[in-house]
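Notes follow once the structure below has been shown.
2 protein chains.
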Amino acid sequence: MNFLAHVFVTPKPAILDPQGKAVVNSLHSLGYDEVTDARLGKLIELKLSGADREAARARVEEMCKRLLANEIIEDYRFDVEEARS
Amino acid sequence: MNFLAHVFVTPKPAILDPQGKAVVNSLHSLGYDEVTDARLGKLIELKLSGADREAARARVEEMCKRLLANEIIEDYRFDVEEARS
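Chains Y and L are the protein sequences, given in the same order.
Numbering-wise (the working numbering), the first sequence opens with residue 125 and increments by one.
Numbering-wise (the working numbering), the second sequence opens with residue 125 and increments by one.
Here you go:
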């Protein structure tokens, strides 16, 4: 079976996020003063195969821990859905 | 009212994604041969205020078009939810 995983990697709340700060400043200079905070993270879309969804989830969890996220400074979450094609 | 917006910016399907390619190669070298494709995008979390959810959505849509996404090479989508605090 084929699956599509969306992995979201975000800086931990206690970690400074200079990119997010730059986004807030840019939005303010464009007149979007209602924006009070921005955090920049990564979205990683994976196509993968697996026996079933639980097996795929377990593998993606491993990939997050070993490569995709740096748990010292980042949080991650993900969802896995069956691929349409 | 305060809102939390999640903006997802991804490379268009026709655009080469060398970062995604690097992720696939790294995953393969770690033994995750079941991964056939990876695309890297950005996740931007915004805190903002607005009169209501529809107004906030309209403003975030504008921000995407003007700053957050480059529509030549990127697609975007977003959701806006009421902030808990």
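The beta carbon of each residue, even a glycine, is placed where N, CA and C say it ideally should be.
With a threshold of 7 Å (Cβ to nearest heavy atom), would residue i be considered close to the ligand NAD?
| i | result |
| --- | --- |
| L:Lys171 | What this structure holds is no ligand at all, so the ligand NAD is not there to describe. |
Is it buried or exposed for residue i, if we count other Cβ within 10 angstroms and need 16 for buried?
| i | result |
| --- | --- |
| Y:Ala182 | exposed |
| L:Asp141 | buried |
| Y:Leu192 | buried |
| L:Ala66 | In this structure chain L extends from 125 to 209, so residue 66 of chain L is not present and cannot be described. |
| Y:Leu154 | exposed |
| Y:Pro135 | buried |
Of the residues the options, which one's Cα is nearest the Cα of residue i?
| i | options | result |
| --- | --- | --- |
| L:Gly165 | L:Glu186, L:Glu198, L:Leu191, L:Ser150 | L:Glu198 |
| L:Glu205 | L:Glu169, L:His152, L:Ile139 | L:Glu169 |
| Y:Leu167 | Y:Pro137, Y:Cys188, Y:His152, Y:Val148 | Y:Cys188 |
| L:Val184 | Y:Asn194, Y:Leu151, Y:Gln143 | Y:Leu151 |
Are the beta-carbon atoms of residue i and residue j separated by less than 8 Å?
| i | j | result |
| --- | --- | --- |
| Y:Ala179 | Y:Asn126 | no |
| L:Ala146 | L:Phe202 | no |
| L:Val148 | L:Tyr200 | no |
- Item | Interfacial residues, the stretch 140-153 of chain Y to chain L, with Cβ spacing under 7 Å | Val147, Ser150, Leu151
- Task: Flag this pair as touching only if the stretch 145-162 of chain Y and the stretch 173-186 of chain L have three or more C-beta atom pairs under 8 Å; answer yes or no.
- Result: yes
- Query: Any residues in the stretch 156-181 of chain L with a beta carbon nearer than 9 Å to a beta carbon of chain Y? Which ones, in chain order?
  - Reply: Tyr156, Glu158, Val159, Thr160, Asp161, Ala162, Arg163, Leu164, Gly165, Lys166, Leu167, Ile168, Glu169, Leu170, Lys171, Leu172, Ser173, Gly174, Ala180
- Message: By the 9 Å beta-carbon criterion, what residues does the stretch 185-206 of chain L contribute toward chain Y?
- Response: Glu186, Met187, Arg190, Leu191, Leu192
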